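**Student:** At position 76 of the sequence shown the residue is numbered 63 (my numbering), and the sequence of numbers has no breaks.
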Amino acid sequence: MAQRRAQRASWALLQRVHTTLDLSCADVIEVMAKDAGAHVALLARQFPGVHFELNHEATRCADSIRILWAPDGLTNPIAPSRLQAYDAVIITHPPEAVSETLAAFKGFARVAAVREFAKGRALAIFGKGLARDLFKARVRDIAA
-12 MAQRRAQRAS WALLQRVHTT LDLSCADVIE VMAKDAGAHV ALLARQFPGV
38 HFELNHEATR CADSIRILWA PDGLTNPIAP SRLQAYDAVI ITHPPEAVSE
88 TLAAFKGFAR VAAVREFAKG RALAIFGKGL ARDLFKARVR DIAA
């Protein structure tokens, strides 16, 4: 039951994220979530060519396009030097913690945000190198 609930939440998140990012262009999606298996199961069905990692298991090449998928917020703190490995970050957070979230991702551009996303959580999508194919055309146009 919990896994089904997590997959529904992941599906809602995926639908919103898909308007900003083309996840099929990613090489690695690192999932940081309580029910990470449910998120990976859904994402792997949608993007069979993408590799998945769980909570800081950085095993893929450093030159790969990496996305951090954190639907439960940052469950583990991430060092600023480690954050530089990501090209995009998808995170939910309490709406009142927006300033802390922005500070945590210093050096990234916030390319999308939803204040009331789900269950009292806000959604933020951060990225860097916005002219790349990972980002949808409307984001690339803003970056140009």
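The C-beta atom is built at its ideal place from N, Cα and C for all residues, glycine as well.
If you're wondering where the values come from, they're calculated on a predicted model, not measured in any experiment.
Between residue 16 and residue 40, what straight-line distance do the alpha-carbon atoms span, to the nearest angstrom?
**Tutor:** Cα to Cα, the separation comes out at about 6 Å.
**Student:** Give me the residue from 21, 36 and 98 with the minimum Cα distance to residue 7.
**Tutor:** Answer by Cα proximity: 98.
**Student:** Quick one: is residue -6 buried, meaning 16 or more other Cβ sit within 10 Å of its Cβ, or exposed?
**Tutor:** With 16 or more Cβ atoms within 10 Å of its Cβ, residue -6 is classed as buried.
**Student:** What is the DSSP secondary structure of residue 121, counted as helix, strand or coil?
**Tutor:** In this structure, residue 121 counts as coil in the three-state DSSP scheme.
**Student:** My output table needs one value for residue 88: the three-state DSSP class, helix, strand or coil.
**Tutor:** Three-state DSSP puts residue 88 in a helix.
**Student:** Need the endpoints of the alpha helix (DSSP H) that residue 60 sits in, please.
**Tutor:** Neither: residue 60 is in no alpha helix (DSSP H) and is coded neither H nor E.
**Student:** Of all the options 123, 92 and -8, which has the alpha carbon lying nearest to the alpha carbon of residue 28?
**Tutor:** Checked all of 123, 92 and -8; the closest Cα to residue 28 is -8.
**Student:** Between residue 81 and the ligand ATP, is there a pair consisting of the residue's CB and a ligand heavy atom that are separated by less than 6 Å?
**Tutor:** You won't find the ligand ATP in this model; it holds no ligand whatsoever.
**Student:** Should the region 18 to 33 be regarded as contacting the region 53 to 69, the criterion being three or more beta carbon pairs within less than 8 Å?
**Tutor:** Short answer: they touch.
**Student:** Quick check on residue 114: buried or exposed, where buried means 16 or more other Cβ atoms within 10 Å of its Cβ?
**Tutor:** That one is buried.
**Student:** Could you tell me how far apart the beta carbons of residue 126 and residue 77 are, in whole angstroms, since I believe they sit closer than 8 Å?
**Tutor:** Not confirmed; about 13 Å, so no contact.
**Student:** Hey, could you find the ends of the alpha helix (DSSP H) residue 0 is sitting in?
**Tutor:** Residues -11 to 4.
**Student:** Please name the residue, chosen from 92, 52 and 80, that lies closest to residue 104 on a Cα-to-Cα basis.
**Tutor:** Residue 80 is the option with its Cα nearest to residue 104.
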